[in-house]
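A short write-up of the structure that comes next.
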Amino acid sequence: MKTNNKLFEPALVQTALKQSLVKLDPRIMIKNPVMFTVEIGTLIMAYVTIYSISNEGQGSFLYNFFIFLILLLTVLFANFAEAIAEARGKAQANSLRRTREETPAKLVLENGETAIRSSNLLKKGDVFICEAGDTIPTDGEIIVGIATIDESAITGESAPVIRESGGDKSSVTGGTKVLSDQIKVRVTTEPGESFLDKMIALVEGASRQKTPNEIALTILLASFTLVFIIVCVTLKPFADYANTPITIAALLSLFVCLIPTTIGGLLSAIGIAGMDRALRANVITKSGKAVETAGDIDVLLLDKTGTITIGNRKATSFYPTNGVTIGRFADACVLSSLADETPEGKSIIELAKGEGHIVLETAPNRAEFIKFTAETRSSGINTTDGRRIRKGAYDSIRNIVLEAGNDFPMDIEDQVKAISTNGGTPLVVCENEKALGVIELQDIIKPGISERFERLRKMGVKTVMVTGDNPLTAKYIAQKAGVDDFIAEAKPEDKMNYIKEEQALGKLVAMMGDGTNDAPALAQADVGVAMNSGTQAAKEAGNMVDLDNDPTKLIEIVEIGKQLLITRGTLTTFSIANDVAKYFAIVPALFIASIPALQTLNIMGLNSPESAIMSAVIFNAIIIPILIPLALKGVAYKPIGATALLRRNLFIYGIGGVVAPFIGIKLIDLFIGLFV
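Its first residue numbered 20, the sequence shown is counted upward by one per residue in this note's numbering.
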């Protein structure tokens with residue numbers, strides 16, 4: 020999915036400016052308690068400004084109007100921060116909406132014939148046909164056929180992908196295009212509930228709810244605000260006691276400057292931007308909570324096949340027994356695989372071709388193919404010239420050979436053990452009940468995956484591989500891939516039980532998977548990431564969908580989650596820290612005339628009480644738009660450990676939050692002094 024990464028596109032800014040005014044509605048503002056109180060203060064200041072036209076008991080009209088204007092801008096800047104984040108999401112939703120065309124569908128009727136129907140008339144359970152060049156009208160599962168699919172409309176990736184029936188790569192998405200072959204698809208969603216429809220709703224933020232941390236921080240900020248309301252109210256009788264005239268403008272300015280308006284104005288933008296950054300990484304999140312939780316995960320479970328490994332095992336070597344030539348063995352391997360439609364069977368033929376052996380394109384006339392069954396654990400071919408070739412599991416072929424009264428070669432026994440020790444799968448081939456040799460099948464680990472697991476380790480995330488393989492094979496793959504632990508011979512309930520056990524220890528667990536058998540674990544996990552190429556059940560169970568089908572995408576998701584948490588924490592630190600400087604600007608200026616001892620607190624040496632108040636309130640307003648890019652982009656995350664990261668951010672944003680206002684307020688005061 021192609022998106023523009025510029026923070027402030029003119030069209031987005033224009034939309035956000037309009038929304039900044041719309042969001043002044045008190046029914047909207049009350050959702051943000053900090054900025055709601057600032058809006059109330061702005062309305063009070065508007066009344067005071069009008070009052071001061073005929074009565075200067077509360078200061079001059081121009082002074083009050085200026086304070087009113089700055090308070091209004093403070094609210095508008097906060098609204099703009101949220102609106103620009105929402106506008107970026109809506110722009111992406113529009114680009115997604117353009118991919119959802121009114122697509123005609125070739126509906127399969129009950130009598131087997133096809134009829135053209137509008138895509139929005141398709142119901143769950145309907146079956147339609149797509150051929151090369153057709154756009155897939157809605158989400159579904161392939162029930163017949165295999166095809167090459169262009170998913171660039173959804174993922175932005177130009178490379179086509181293969182989808183086929185009967186496996187974990189059977190899911191297709193509405194809006195994508197068939198490039199080759201023909202497929203028959205069963206609709207898996209009702210109208211208006213397709214994956215693309217859900218994406219659009221999520222991106223637009225219609226269903227976005229505040230996360231627990233956001234709610235907790237909102238309550239904390241509201242508590243700060245309440246405390247400072249009490250502080251500012253009690254200042255009035257204190258000022259009267261000290262015979263110090265204090266205006267409503269001064270009290271409101273002090274209040275707005277002391278409450279955490281900076282983080283209050285940016286909090287919503289930070290949360291929305293977190294989901295936005297996930298989408299830009301081609302990950303659809305079903306809630307902001309999922310992104311936030313990803314930043315705190317302790318354990319990651321990954322399915323082996325298709326996640327850590329490229330997919331199905333491939334034939335990598337032929338090992339004929341002593342006395343059998345490689346050519347004869349390869350010929351037998353190919354004959355036994357001609358009718359084998361499995362990826363493993365096809366890879367045996369590809370290996371023979373790659374090694375330069377003569378490969379038959381079609382089976383011999385009147386040959387009898389023996390299909391694989393769970394009982395025999397072997398398959399093969401009987402030719403008319405008397406050749407009986409079988410290919411299968413070691414113990415199955417060994418029994419065939421021994422029951423016929425033939426010896427089973429020791430070199431094959433040794434080769435089988437060597438292949439198993441190296442994490443491979445041995446397939447033994449025999450002809451006329453005599454063993455010929457071994458085919459080695461190996462899982463192909465995705466390139467660069469061990470380096471990415473190392474990055475997760477530095478983030479404090481434990482990686483666990485889940486596989487149905489035997490422990491020996493699982494151990495080999497786990498070591499080669501660089502995961503921290505593995506679960507062998509795992510059933511669907513084993514994955515879910517492991518997650519429950521880790522959660523019982525207080526750990527947050529993430530799970531990545533693509534198959535229907537992964538669905539229970541995806542639902543149980545705190546963060547469940549389903550592959551877009553996976554089954555509908557997996558995508559429904561997870562709370563995130565990876566459009567790129569990249570098993571290591573969780574690295575980006577974790578970094579985005581950590582970035583979201585760090586950004587919120589650092590801006591909160593900055594916001595509270597800069598209140599200290601504003602306190603030293605306004606409070607001494609208010610009472611210095613009647614309490615000269617406060618001169619020692621006037622460390623900025625500001626020109627006058629009026630200048631101090633205006634300087635502080637101006638700085639308080641402009642710091643919000645200055646920090647919008649940081650809120651949208653996020654604070655840079657580095658896997659350096661939680662303690663080091665906390666120390667680094669406290670140093671930069673804590674000390675920076677104290678120092679920046681001193682410099683900013685002083686510069687503004689000097690500028691105001693030029694005109695007063």
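Backbone N, C-alpha and C define an ideal beta-carbon position, used for all residues, glycine too.
Just so you know, the alpha carbons of residue 394 and residue 413 end up roughly 14 Å apart.
Non-local C-beta neighbours of residue 98 in its own chain, meaning closer than 6 Å and more than five positions away in sequence, comprise 39 and 42, ordered along the chain. Between residue 289 and residue 667, the C-beta gap is not smaller than 8 Å, which leaves the two residues out of contact. If one requires a minimum length of 3 residues, the beta strand (DSSP E) runs lying completely within the region 129-208 are 133-137, 146-150, 159-169, 180-183 and 201-206, in chain order. Per DSSP, residue 316 lies in no beta strand (DSSP E) and is assigned neither H nor E. The shortest C-alpha to C-alpha distance from residue 64 to any of 647, 86 and 49 is the one to 86. Two segments are said to touch when three or more pairs of C-beta atoms, one from each, lie closer than 8 Å; by this definition the region 231-239 does not touch the region 190-207. Residue state for residue 685 is assigned as helix, using DSSP reduced to three classes.
The alpha-carbon separation between residue 244 and residue 527 amounts to approximately 33 Å.
In the structure shown, the three-state DSSP call for residue 335 is strand. With a minimum length of 3 residues, the unbroken runs of beta strand (DSSP E) contained wholly in the region 409-489 fall at 444-450, 453-461 and 481-485. Taking a cut-off of 8 Å for Cβ pairs, the region 53-63 and the region 272-286 touch, as three or more such pairs fall below it.
Annotated three-state conformation of residue 638 is helix, per DSSP. The continuous beta strand (DSSP E) containing residue 397 extends over residues 397-401.
Pairing residue 468 with residue 195, the inter-Cα distance amounts to about 28 Å.
Residue environment for residue 158: buried (at least 16 other C-beta atoms within 10 angstroms of its C-beta). By the C-beta density criterion, residue 74 is exposed, having fewer than 16 other C-beta atoms within 10 angstroms.
About 6 Å separates the beta carbons of residue 507 and residue 488, which is inside the 8 Å limit, making them a contact pair. For residue 125, no alpha helix (DSSP H) segment is defined; the enclosing uninterrupted segment is the beta strand (DSSP E) at 123-127. Counting of Cβ neighbours within 10 angstroms places residue 597 among the buried residues, the total reaching 16 or more. Taking the Cβ atoms as the reference, residue 271 lies roughly 7 Å from residue 90, within the contact range of under 8 Å. If you ignore the 5 residues before and after residue 572, its C-beta comes within less than 6 Å of the C-beta of 565, all in its own chain and listed in chain order.
Judged by DSSP in its simplified three-state form, residue 321 adopts strand.
Put simply, the backbone Cα of residue 440 is about 29 Å away from that of residue 357. For residue 304, the enclosing beta strand (DSSP E) begins and ends at 302-304. Look at residue 328 here: in three-state DSSP terms it is strand. Residue 389 is positioned such that its CB atom lies no closer than 8 Å to that of residue 474.
According to the DSSP assignment, residue 563 belongs to the beta strand (DSSP E) that extends over 563-565. Residues of the same chain with a CB within less than 6 Å of the CB of residue 511, apart from the 5 flanking positions on each side, are 536 and 539 in chain order.
A distance of 8 Å or more separates the beta carbons of residue 600 and residue 690.
Scanning its chain for C-beta atoms nearer than 7 Å, with the 5 sequence neighbours on each side dropped, one finds around residue 346 the residues 376, in chain order.
Annotated three-state conformation of residue 87 is helix, per DSSP. Sequence-distant partners of residue 399 (beyond 5 residues in either direction) whose C-beta falls short of 6 Å from its own C-beta, in its chain, are 355, 389, 408, 409 and 410. In this structure, the CA atom of residue 630 is about 8 Å from the CA atom of residue 692. Residue 164 has its alpha-carbon roughly 28 Å from the corresponding atom of residue 302. Taking 8 Å as the cut-off, the Cβ atoms of residue 275 and residue 51 do not count as close.
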